[in-house]
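Under this note's numbering, think of the first position of the sequence shown as 1, with each following residue one higher.
Even for Gly, the Cβ is constructed at its ideal location relative to N, Cα and C.
Predicted model, so just to flag it, every value in this text is computed and none were measured.
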Amino acid sequence: MIDKEKITAAVRLLLEGIGEDPTREGLLDTPERVARMYEEIFGGMDEDAGEHLSKQFSAPGSEIVIEKDISFHSTCEHHLLPFFGKVHIAYIPNGKVAGLSKLPRTVEVFARRPQIQEQMTVQIADAIEQHLQAKGVMVMIEAEHTCMNMRGVKKPGCKTVTTATRGEFKDNVERQRLFMDEVRQWNA
Ligand code: ZN
């Protein structure tokens with residue numbers, strides 16, 4: 001559970017640490033405001049993807065489901081700065097499909113935590129494989145990291161792409177290419 005009092009105290013301390021005066025007017029409400037915001041952007045900590053993915057419909061014979069351009073915002077766990085972009089998901093159902101809104105919900109569960117992109121990619125793929133018993137899954141994430149844009153190497157516009165494959169997508173280059181083509185086609 002999120003402890004807003006702890007966050008408020010920590011932000012006050014952080015402001016003092018950078019040489020600010022947390023009692024000046026502009027900053028007076030900032031610690032509590034940040035605590036409320038953290039409750040939202042780290043709300044995925046208390047959520048289970050299985051709850052969303054348990055809403056299933058039978059769809060016998062369905063061969064592949066692709067949901068792409070699911071936009072997300074997450075927080076890099078190394079710098080506590082945002083990274084954001086798009087998630088593309090493909091899966092091969094095993095007779096059952098998830099409600100269409102449930103894949104974006106699943107993305108939210110894992111995005112709203114301190115996160116690294118590679119791990120988020122794997123967690124989404126594992127959740128879909130596990131809860132839908134999908135025969136195959138592929139997840140691709142394209143994201144921009146503000147910790148690369150506004151500090152360090154300072155390379156705005158640079159995108160990081162990560163993928164994870166499970167089941168029938170693993171070691172099946174043709175299928176992976178099909179998914180990539182779909183993603184690229186609709187982006188063009
Ligand atoms: Zn970072």
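Asked: Beta-carbon contacts of residue 39 that lie in its chain and below 6 angstroms, excluding the five residues immediately before and after; Found: 2
Asked: Heavy atom of the ligand ZN within 8 angstroms of residue 103 beta-carbon; Found: no
Asked: DSSP-derived helix/strand/coil call for residue 117; Found: helix
Asked: CB-CB length for residue 189 against residue 162, believed under 8 angstroms; Found: Here the chain has residues from 1 to 188 only, and residue 189 is not among them.
Asked: First and last residue of the uninterrupted beta strand (DSSP E) at residue 10; Found: First-last for residue 10: 4-17, but that is the alpha helix (DSSP H), not the beta strand (DSSP E).
Asked: Length of the line joining the Cα atoms of residue 127 and residue 68; Found: 17 angstroms
Asked: Straight-line Cα distance separating residue 81 from residue 146; Found: 6 angstroms
Asked: Buried versus exposed, by CB contacts within 10 Å (16 or more), residue 88; Found: buried
Asked: Proximity test, residue 150 beta-carbon vs the ligand ZN heavy atom, cut-off 8 angstroms; Found: no
Asked: Distance between residue 103 and residue 183 (C-alpha atoms, nearest Å); Found: 16 angstroms
Asked: Residue 124 classed as buried or exposed, judged by whether at least 16 other C-beta atoms fall within 10 angstroms; Found: buried
Asked: Distance, residue 108 Cα to residue 158 Cα; Found: 23 angstroms
Asked: Selected residue, minimal CA-CA separation from residue 151, among 55, 13, 86 and 78; Found: 78
Asked: Those residues, in chain order, that have a beta-carbon closer than 5 angstroms to some heavy atom of the ligand ZN; Found: 76, 78, 79 and 147
Asked: Residue 82 - containing beta strand (DSSP E), residue span; Found: 82-92
Asked: Candidates 45, 155, 136 and 52, of which the one nearest residue 110 by Cα; Found: 45
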